[in-house]
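So the structure is just underneath, and the comments pick up after that.
Residue numbers (the numbering used here): 1367 to 1778.
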């Protein structure tokens, strides 16, 4: 059996087209590895499309209009929070002018933040109001000593603000509140927070509502007043006119921390943010005064808006462009992958077709020309290819009269 011929079942199969592995053809499915090979193989399709997507995202970022905003807070409080002159010479109460909620809001004032920065602290700090009037301070900085220094400066400023506000309001010295430090910063620990970039400019400030919580004035209720002011901010004719004057103007009233109400104003031009804030806050104050006057609330019992903190530094936010940029980048990736798969399928189909035609041609035997018969058949000598006649007579002499045997006339 050693001399027997060997046969292969794949001997008659056409050659596999280049660029398509046997595994890919056998599976007929797409996995991550197969997709990676296709993308690598069709890099000349993927790279230009990704470059176009990147260029489109860059142009969108360059042409995108940033949004700028500023914010402030309003505080509802009883008449004890008014100045001594407004109260007719009566003494104020410490709980009114120096409540923990008021002090926590005052610490967000831009002037206070600048004092912290000038003292060697970091502007990245938070003052939060906890239960039972406990004020917590948290600061972040690249240097641990700066973080500790920031907390110390903020705690000192809280005590100074509380003392100043009570003194200006005429609170008797024996009745003034004092600050007790429950825990002082020891060492700073690393922070794991990593806030993303924003693309909007924002400034913050706080307003204070001063007035009488007496009966007969529905605007003494913070929830009612907040709802009215929100309605005014969105539908009042003067507010709509202001929106038309300032490009991209939006504002929001947040009353979740009542009696403090935060007013946020945004615009596309950073130079118009501060002016827009002043216009909106002034319009809200006038509207609140008009509405109380219309229902007959005595002037001494009316709720008023008073600035608790001034608008802080304007900041830029990019939130408005994050979604379009991600959409453009994602769409570019999807198009690049789809085009790479399309080109690969077309190229594979053409390669398979050419390979099949080459295999078919190689397996088909060559076709021979039929031999001529009769008069078309070439003779043995004269008509043989390459034969040269000796003379004209020889070329004209029939083949049957020519012979190599000598005739009888020459024998003698």
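For every residue, glycine included, the Cβ atom is placed at its ideal position computed from N, Cα and C. This structure is a prediction, so every number in the text was calculated from the model and none was measured.
Residue range of the alpha helix (DSSP H) that includes residue i
{"i": "residue 1526", "result": "1510-1535"}
{"i": "residue 1503", "result": "Here residue 1503 belongs to no alpha helix (DSSP H); instead the beta strand (DSSP E) covers 1501-1505."}
{"i": "residue 1607", "result": "1603-1611"}
{"i": "residue 1333", "result": "No information on residue 1333 is available, as it lies outside the stretch 1367 to 1778 that the chain covers here."}
{"i": "residue 1622", "result": "Premise fails: residue 1622 is in no alpha helix (DSSP H) and is neither H nor E."}
{"i": "residue 1465", "result": "Residue 1465 -> no alpha helix (DSSP H), and no H or E assigned at all."}
{"i": "residue 1655", "result": "1636-1660"}
Length of the line joining the Cα atoms of residue i and residue j
{"i": "residue 1828", "j": "residue 1618", "result": "Because the chain in this structure spans residues 1367 to 1778, residue 1828 falls outside the shown range and cannot be described."}
{"i": "residue 1673", "j": "residue 1508", "result": "33 Å"}
{"i": "residue 1671", "j": "residue 1613", "result": "26 Å"}
{"i": "residue 1465", "j": "residue 1594", "result": "26 Å"}
{"i": "residue 1479", "j": "residue 1541", "result": "29 Å"}
{"i": "residue 1654", "j": "residue 1490", "result": "35 Å"}
{"i": "residue 1522", "j": "residue 1511", "result": "17 Å"}
{"i": "residue 1717", "j": "residue 1635", "result": "59 Å"}
{"i": "residue 1514", "j": "residue 1660", "result": "53 Å"}
{"i": "residue 1467", "j": "residue 1421", "result": "49 Å"}
{"i": "residue 1488", "j": "residue 1664", "result": "46 Å"}
{"i": "residue 1701", "j": "residue 1725", "result": "36 Å"}
{"i": "residue 1640", "j": "residue 1602", "result": "21 Å"}
{"i": "residue 1547", "j": "residue 1481", "result": "20 Å"}
{"i": "residue 1477", "j": "residue 1504", "result": "19 Å"}
{"i": "residue 1527", "j": "residue 1599", "result": "32 Å"}
{"i": "residue 1474", "j": "residue 1628", "result": "12 Å"}
{"i": "residue 1406", "j": "residue 1728", "result": "33 Å"}
{"i": "residue 1609", "j": "residue 1658", "result": "25 Å"}
{"i": "residue 1448", "j": "residue 1691", "result": "Reliability fails at residue 1448, whose pLDDT of 45 lies under 50, so the model's placement of it is uncertain and the value that follows must be treated cautiously. Each residue's alpha carbon lies about 50 Å from the other."}
{"i": "residue 1580", "j": "residue 1587", "result": "Unreliable positioning characterises residue 1580 in this predicted model, as indicated by a pLDDT of 49, which lies under 50. The coordinate reading is nonetheless provided below. Approximately 10 Å between the Cα atoms of the pair."}
{"i": "residue 1570", "j": "residue 1419", "result": "Its pLDDT being 44, under 50, residue 1570 is placed unreliably in this model, and the value from its coordinates should be taken loosely. Those two C-alpha atoms are separated by around 37 Å."}
{"i": "residue 1789", "j": "residue 1699", "result": "This structure leaves residue 1789 out entirely; the chain is present only between 1367 and 1778."}
{"i": "residue 1502", "j": "residue 1493", "result": "6 Å"}
{"i": "residue 1607", "j": "residue 1532", "result": "40 Å"}
{"i": "residue 1705", "j": "residue 1620", "result": "49 Å"}
{"i": "residue 1631", "j": "residue 1536", "result": "34 Å"}
{"i": "residue 1506", "j": "residue 1622", "result": "26 Å"}
{"i": "residue 1722", "j": "residue 1697", "result": "37 Å"}
{"i": "residue 1566", "j": "residue 1638", "result": "Any reading at residue 1566 must be qualified, since the residue scores a pLDDT of 42, below 50, and its modelled position is unreliable; the value itself is stated next. Residue 1566 and residue 1638: Cα-Cα distance of roughly 14 Å."}
{"i": "residue 1645", "j": "residue 1427", "result": "31 Å"}
{"i": "residue 1443", "j": "residue 1626", "result": "Any reading at residue 1443 must be qualified, since the residue scores a pLDDT of 42, below 50, and its modelled position is unreliable; the value itself is stated next. Cα to Cα, the separation comes out at about 9 Å."}
{"i": "residue 1471", "j": "residue 1500", "result": "13 Å"}
{"i": "residue 1539", "j": "residue 1611", "result": "49 Å"}
{"i": "residue 1396", "j": "residue 1711", "result": "12 Å"}
{"i": "residue 1643", "j": "residue 1656", "result": "20 Å"}
{"i": "residue 1534", "j": "residue 1589", "result": "29 Å"}
Classification of residue i by the beta-carbon crowding that lies within 10 angstroms, buried from 16 upward
{"i": "residue 1543", "result": "buried"}
{"i": "residue 1358", "result": "Nothing in the structure corresponds to residue 1358, since the chain is present only between 1367 and 1778."}
{"i": "residue 1650", "result": "buried"}
{"i": "residue 1591", "result": "buried"}
{"i": "residue 1417", "result": "exposed"}
{"i": "residue 1597", "result": "exposed"}
{"i": "residue 1399", "result": "exposed"}
{"i": "residue 1676", "result": "buried"}
{"i": "residue 1715", "result": "exposed"}
{"i": "residue 1402", "result": "exposed"}
{"i": "residue 1669", "result": "buried"}
Residue closest to residue i, alpha-carbon to alpha-carbon, out of the options
{"i": "residue 1616", "options": "1421, 1633 and 1610", "result": "1633"}
{"i": "residue 1798", "options": "1693, 1609, 1419 and 1703", "result": "Residue 1798 lies beyond the range of the chain shown here (1367 to 1778); nothing can be said about it."}
{"i": "residue 1483", "options": "1724, 1420, 1501 and 1520", "result": "1520"}
{"i": "residue 1411", "options": "1538, 1721 and 1708", "result": "1708"}
{"i": "residue 1530", "options": "1490, 1653, 1469 and 1665", "result": "1469"}
{"i": "residue 1584", "options": "1717, 1667 and 1535", "result": "1667"}
{"i": "residue 1605", "options": "1588, 1652, 1693 and 1514", "result": "1652"}
{"i": "residue 1495", "options": "1601, 1727 and 1524", "result": "1524"}
{"i": "residue 1404", "options": "1713, 1725, 1657 and 1611", "result": "1713"}
{"i": "residue 1485", "options": "1493, 1517 and 1504", "result": "1517"}
{"i": "residue 1424", "options": "1710, 1589 and 1694", "result": "1694"}
Terminal residues of the beta strand (DSSP E) in which residue i lies
{"i": "residue 1494", "result": "1491-1495"}
{"i": "residue 1408", "result": "No beta strand (DSSP E) contains residue 1408, which DSSP labels as neither H nor E."}
{"i": "residue 1629", "result": "1626-1633"}
{"i": "residue 1673", "result": "1670-1675"}
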